[in-house]
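Note sheet for the following structure.
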Amino acid sequence: MSLLETRGLSKHFGGVHAVAGLDLTLAEGEVLGLIGPNGAGKTTAFNLLSGFLAPDAGEIRFRGRSLLGLKPHTICQLGLARTFQIVRPFPRLSVLDNVMVGALARHPAVARARGLARAVVERVGLGARAAQPAAGLTLAERKRLELARALATEPMLLLLDEVMAGLNPTEIATLVALIGDIHRGGVSILLIEHNMRAVMALSHRIVVLNFGETVAEGPPAVIASHPRVIEAYLGEEYVHAAPPR
Amino acid sequence: MTRWVWAAATVALLAALPLLPSLFGSYAVTLFTLIFFYGFLGQAWNIVGGYAGQLSAGHAAFLGIGAYTAALLSVEKGITPWVGMFVGGALAAVLGTLIGFLGFRFGLRGFYFVLLTVAFAEICRIIASNTDAIGGAVGYYITFTGNPRQFQFQDARVYYYVALVLMLTATGVVAWLERRRFGVYLSAIREDESACEALGVDTFRYKMLAMMLSSFLTGVGGAFYAFYLFSLQPGSVFGIPLSVEIIIRAIVGGAGTVLGPILGSFILSPLAELARHYFAQGGWHGAHLVVYGLLLIAVVLFLPEGAYPRLARLLRRRAPDTA
Amino acid sequence: MLFGGVFSLMAVGLTLIFGVMRVVNFAHGDMMVWGMYLAWLMATRGGVDPYAGFVVCAAALFLLGFVVQRVLVQRIVDAPHEMQILLMLGVALVLENAALLAFGPEPQRVRSALAQSTLWLGPVFVDVARLIAFGVAVVLTLLLSLFLFRTDLGRSIRAAADNTYGALVIGTDVRRVYAVAFGVGAACVGAAGALVAPLLPFQPPTGLQLSVASFNIVIIGGMGSLLGAFMGGLLVAVAESLGAVFLKPSLKELVSFSLLVLILLFRPAGLFGRRAS
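Okay, here's the thing in structure tokens:
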């Protein structure tokens, strides 16, 4: 049985159809990449899945139950955690406390939650920063904090919204390794990513969105050479300019 | 090491506070009673305004409800304020629940939430001013009988001790909450509500609980207010200036810290009392509020986290040298 | 009803400040009360009729607004909302109680020769003073719109209101625009204060009532919308005069606060405005 499944998911803002009839399935243990140009509806899809927006139409099922009408915190409790594209740390709380807020979702006792949070902080490589306020972190560190907090909620499915954006190649390589590690730990992952190398390396399967609709779907190797993907990203002329095979 | 020094200092201070009245003159007892009482009110506000970051500018409403409830129950029904204070607290919590429900369910934040709380406090004031059964705009007066069962004491030191207990209790509650999930969640809600939701925090529920607890404590304080002053005027118990008195202590001392509101009260209550004493005699009404205003501006511009965090850092920096 | 024009002018000032820098001027009503006291000073000390003196009041309040913005508000434009609210609360406290110190708690009223006379306007019997207050307020609002839509400075104010970053990019001196906008907003209540000074007895705490009335209007009209503020002013004036007819005067305030609660809950974006986040 699939872990996450959407049918005909739609959301429009005014006249703009941000997400138009999206069908998505994600099997347990899978890493699914969601790519597409800016404004293709990826982040809106995440907001629908995590309960921050209510869809106009369609259905979302997670672990066999409908998520429609549920608040974001309930969805998180069910085991679906997300990160935000624009990171949202609690600036005046320490890095450790930031992560502890996530851990408290499963472990109400502060002492236990703090211990688990410390382990997660170490795991994402922020151990040296644990006691400092989150406001003082660099962008790369904030991205890892965002990931650590979501991870601390012990999700079954992790929604990662552009965690690589703005990072340099070394930082990306570290993060790719970390996400791979998290996946091997038994967490399924849905990944929005602009960094092609990262998304190709991590994903089992990739869905390409444009104008809120799926335009292509398949394993990374197929998607990389798919004409409609190149079209969506680079414009039509590049497709025609590409040498015939 | 430093932690032990702190703990010892705190215990010594706590032990000293009950002993002070026997050393002081009556004016100092009054002054400390006010410091403790406003420290208590600031601490109660701190839960929702400081930790949860929901700026309520209408806490006077809770105090007013508690005060009128305890006074009316005592005078009209003969029910002792020792019980009446909890009835008043409960009624204040009912109003707090209503305001919280409306404000949080309808997603009012920042300025909008401030206006909502002000509007409710003013509505309470206008209703009280127009209800003749409770004295209307003239106010409600309690005749002094000196009966301790009705919370009336000849000896001013009793009020000192009651105020001290109120302040220590509220501070104890806050210190305890800060170490628990509830307190951690409130601080996180203050920082970013959406991020909290994404991490499984039922923000509505925790904001409601904070509001209920805060309004309950403030309502309990109302009973003390009524039987310390023996007169209640709608304009002063429900008025915005009283809400400002409460908020400013927490802000100046450090909102969202355990000791901030207490420090704030130690700084401001004597200042307010002296200003009222000297300026009002010279017919200078409002002078202490001008000072408050200037202080609020200064704190926002130069010390946005309040005095306590700054003080704590200064002391901590000193500590390694002395230890 | 004729108060509507003055209400509108007051609300236009508030919405202009909010629209441009997203800061709510909690001291709006208190600034207006200072306008009233200035008119009172000029009338009692210099014999200047408030219907001429309002120009001076507007100029003085422009200066006050400009300075408050430059010295205080500018430093917290990017600070969290809570900090902005507390700062403006501080300004309001200072202004209200400085008025209390300077002028005492007794209610004052400005005498104007015009306030005594009345005239028949068709079938209706009208106060000349109210008519003038209404007329001048409407003219000032129109002049303000002309300023905002027809002059370069006005255009840059509107541009800053729409998009601060964009305005920065095209090289607008945002700090100056902010200070001017705050000054103009304050000047609105300076003039409004002088215009109603002969009609409405005032004392320092009147400032709070006027602030609440402005918040009411601006929220009804939609935060940041000039047209909304103008229409809202007329609407609230009508509602209040109806309330005064049917309720005893002490309950009139209850109407405006209840109205405020209802609007906050059900129309936070106002009747004409966009939702402010």
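Quick mapping for you: the protein sequence lines, in order, are chains V, F and B.
Here the first sequence is numbered in the working numbering, starting from 3 and rising by one per residue.
Here the second sequence is numbered in the working numbering, starting from -11 and rising by one per residue.
Here the third sequence is numbered in the working numbering, starting from 143 and rising by one per residue.
Beta carbons: idealized from backbone N, C-alpha and C, even for Gly.
**Report entry** Status (buried if at least 16 other CB within 10 Å, exposed otherwise) for residue 100 of chain V
**Finding:** Here residue 100 of chain V is taken as the residue at index 98 of the first sequence, counted from 1. Burial is judged here by how many other beta carbons sit within 10 angstroms of a residue's own beta carbon; residue 100 of chain V has at least 16 and is buried.
- Excluding the 5 residues preceding and the 5 following residue 174 of chain V in the sequence, name in chain order all residues of the same chain whose CB lies nearer than 8 Å to its CB. Position 172 of the first sequence holds residue 174 of chain V. These residues qualify, in order along the chain: 166, 197, 199 and 200.
Quiz item: Would DSSP call residue 339 of chain B helix, strand or coil?
Solution: Translated into the one-based positions of the third sequence, residue 339 of chain B becomes position 197. Here residue 339 of chain B sits in coil by DSSP.
Exercise for the section: Give the single residue among B:206, B:316 and B:228 whose Cα lies nearest to the Cα of residue 236 of chain F. Expected result: The sequence position of residue 236 of chain F within the second sequence is 248, counting from 1. Of the candidates B:206, B:316 and B:228, the residue whose Cα lies closest to the Cα of residue 236 of chain F is B:228.
Quick one: does the C-beta of residue 145 of chain B sit closer than 7 Å to a heavy atom of the ligand MN?
This structure lacks the ligand MN, and indeed carries no ligand of any kind.
Ordered list of alpha helix (DSSP H) runs contained in the segment 230 to 298 of chain F, each at least 4 residues: Runs found: 248 to 269 and 275 to 290.
Per DSSP, what are the beta-bridge partners of residue 194 of chain B in this structure? Counted from its first residue, the third sequence places residue 194 of chain B at position 52. Beta-bridge pairing links residue 194 of chain B to no other residue.
With a floor of 4 residues, list each alpha helix (DSSP H) that falls wholly inside the segment 340 to 369 of chain B, ordered by position along the chain.
The segment 340 to 369 of chain B contains, as complete alpha helix (DSSP H) runs of 4+ residues, the segments 348 to 363 (chain order).
- [ ] Consider the Cβ of residue 122 of chain V: report whether some Cβ of chain F lies at a distance smaller than 8 Å.
- [x] Within the first sequence, the letter at position 120 stands for residue 122 of chain V. Chain F, which has no Cβ nearer than 8 Å to the Cβ of residue 122 of chain V, makes this no.
Note to self: Give me, in chain order, the residues of the same chain whose beta-carbon lies closer than 7 Å to that of residue 124 of chain V; leave out the 5 immediate sequence neighbours on both sides.
What the structure shows: Here the question's residue 124 of chain V lines up with position 122 in the first sequence. Non-local C-beta neighbours of residue 124 of chain V in its own chain, meaning closer than 7 Å and more than five positions away in sequence, are absent.
**Report entry** Distance between residue 56 of chain F and residue 124 of chain F (C-alpha atoms, nearest Å)
**Finding:** Position 136 of the second sequence, counting from 1, holds the residue named residue 124 of chain F. Position 68 of the second sequence, counting from 1, holds the residue named residue 56 of chain F. Approximately 12 Å between the Cα atoms of the pair.
| Can you tell me where the alpha helix (DSSP H) with residue 197 of chain F in it begins and where it stops? | Stepping through the second sequence from its first residue, residue 197 of chain F is reached at position 209. Start and end: 191 to 217.
**Asked** Under a CB-based cut-off of 8 Å, is residue 189 of chain F close to chain V?
**Response** Within the second sequence, residue 189 of chain F is the residue found at index 201, counting from 1. Yes, because at least one Cβ of chain V sits closer than 8 Å to the Cβ of residue 189 of chain F.
| query | Which full runs of the beta strand (DSSP E) of 3+ residues lie inside the segment 120 to 173 of chain V, going along the chain? | reply | If we require 3 residues or more, the beta strand (DSSP E) runs fully inside the segment 120 to 173 of chain V come out as 159 to 163.
Subject >> Residues near residue 153 of chain B in its chain [Cβ-Cβ closer than 7 Å; skip 5 each side] >> reply: The residue you call residue 153 of chain B lines up with position 11 of the third sequence. Around residue 153 of chain B, the same chain offers 356, 359, 360, 363, 371, 374 and 375 as residues with beta carbons nearer than 7 Å, after the five sequence neighbours per side are excluded.
* To do: Give the DSSP-derived three-state secondary structure of residue 73 of chain V in the structure shown.
  => Within the first sequence, the letter at position 71 stands for residue 73 of chain V. Look at residue 73 of chain V here: in three-state DSSP terms it is coil, with no helix or strand label.
Checklist entry - Residues bridged to residue 394 of chain B by DSSP? => result Your numbering for residue 394 of chain B matches position 252 in the third sequence. Note: residue 394 of chain B sits in no beta bridge, so no partner.
Check residue 6 of chain V in the structure and name its three-state DSSP category.
Mapped onto the first sequence, residue 6 of chain V falls at position 4. Secondary structure of residue 6 of chain V (DSSP, three-state): strand.
Going by DSSP in three states, residue 207 of chain V sits in which element: helix, strand or coil? Numbered from 1 along the first sequence, position 205 holds the residue referred to as residue 207 of chain V. Three-state DSSP puts residue 207 of chain V in a strand.
Exercise. Taking one C-beta from the segment 290 to 303 of chain F and one from the segment 231 to 245 of chain B each time, how about it: are there three or more such pairs within less than 8 Å?
Worked result: No, they do not touch.
Here's a check: name, in chain order, each residue in its chain whose Cβ is nearer than 6 Å to the Cβ of residue 325 of chain B, leaving out the five neighbours to either side. Taking the third sequence and counting its residues from 1, the one referred to as residue 325 of chain B is at position 183. Excluding sequence neighbours, residue 325 of chain B sits near 204, 207 and 208.
Alpha carbon to alpha carbon, how far is residue 160 of chain F from residue 149 of chain F? Give it in angstroms, no decimals.
-> Working through the second sequence from its first residue, we reach residue 149 of chain F at position 161. Working through the second sequence from its first residue, we reach residue 160 of chain F at position 172. Looking at the backbone, the Cα of residue 149 of chain F and that of residue 160 of chain F are separated by about 16 Å.
Which of helix, strand or coil does DSSP assign to residue 12 of chain V? Position 10 of the first sequence holds residue 12 of chain V. Strand at residue 12 of chain V.
| task | Note down, in chain order, all residues in the segment 123 to 144 of chain V with a beta-carbon under 8 Å from any beta-carbon belonging to chain F. | result | Residues passing the 8 Å Cβ filter: none.
Checklist line | 9 Å Cβ cut-off: residues of chain V touching residue 172 of chain F | finding: Position 184 of the second sequence holds residue 172 of chain F. Residues of chain V with a Cβ closer than 9 Å to the Cβ of residue 172 of chain F are, in chain order, 95, 99, 102, 103, 106, 112 and 115.
Mind pulling the chain B residues with CB within less than 7 Å of residue 82 of chain F?
For this step, residue 82 of chain F is matched to residue 94 along the second sequence. In chain order: nothing, as chain B lies at least about 17 Å away.
- Query: Which chain V residues are close to residue 175 of chain F, counting only those with a beta carbon under 7 Å from its beta carbon?
  - Reply: In the second sequence, the residue the question calls residue 175 of chain F occupies position 187. Those are 95, listed as they occur along chain V.
Between which residues of its own chain and residue 156 of chain F is the CB-CB distance below 8 Å, once the five residues before and five after are set aside? The residue labelled residue 156 of chain F in the question sits at position 168 within the second sequence. If we look at residue 156 of chain F and ignore the five residues flanking it on each side, its Cβ neighbours are 2.
- Query: Would you report the Cα separation of residue 315 of chain B and residue 156 of chain B, rounded to the nearest angstrom?
  - Reply: Mapped onto the third sequence, residue 315 of chain B falls at position 173. Mapped onto the third sequence, residue 156 of chain B falls at position 14. Whole-angstrom Cα-Cα distance: 22 Å.
ask   = Considering only residues of the same chain and omitting the five flanking positions on each side of residue 49 of chain F, which have a CB-CB separation below 7 Å?
value = The residue you call residue 49 of chain F lines up with position 61 of the second sequence. Within the same chain, and ignoring the five residues on either side of residue 49 of chain F in sequence, the residues whose Cβ sits closer than 7 Å to its Cβ are 83, 108, 109, 112 and 226.
Next item on the list: Answer yes or no: does any C-beta atom of chain B fall closer than 8 Å to that of residue 282 of chain F?
Entry: Position 294 of the second sequence, counting from 1, holds the residue named residue 282 of chain F. True, the Cβ-Cβ gap to chain B drops below 8 Å.
- Cutoff 6 Å; reference residue 36 of chain V; Cβ partners in own chain excluding five residues on either side: Numbered from 1 along the first sequence, position 34 holds the residue referred to as residue 36 of chain V. Only 44, 194 and 209 meet the Cβ criterion.
What does the Cβ neighbour count give for residue 182 of chain B, buried or exposed, with the cut at 16 atoms within 10 Å?
Stepping through the third sequence from its first residue, residue 182 of chain B is reached at position 40. With 16 or more Cβ atoms within 10 Å of its Cβ, residue 182 of chain B is classed as buried.
Practice item. Note down, in chain order, each residue of its chain lying with its Cβ closer than 6 Å to the Cβ of residue 309 of chain F, except the 5 sequence neighbours on either side. Key: On the second sequence, residue 309 of chain F is found 321 positions in, with the first residue counted as 1. Its pLDDT being 48, under 50, residue 309 of chain F is placed unreliably by the model, and nothing is read from it.
task = Taking C-beta pairs closer than 8 Å, name the residues in chain B that residue 242 of chain F reaches, listed in chain order.
result = Taking the first residue of the second sequence as 1, we reach residue 242 of chain F at position 254. The premise fails here: residue 242 of chain F is roughly 13 Å from chain B at the closest Cβ pair, so nothing lies under 8 Å.
**Asked** Would DSSP call residue 109 of chain V helix, strand or coil?
**Response** Numbered from 1 along the first sequence, position 107 holds the residue referred to as residue 109 of chain V. For residue 109 of chain V, the three-state secondary structure derived from DSSP is coil.
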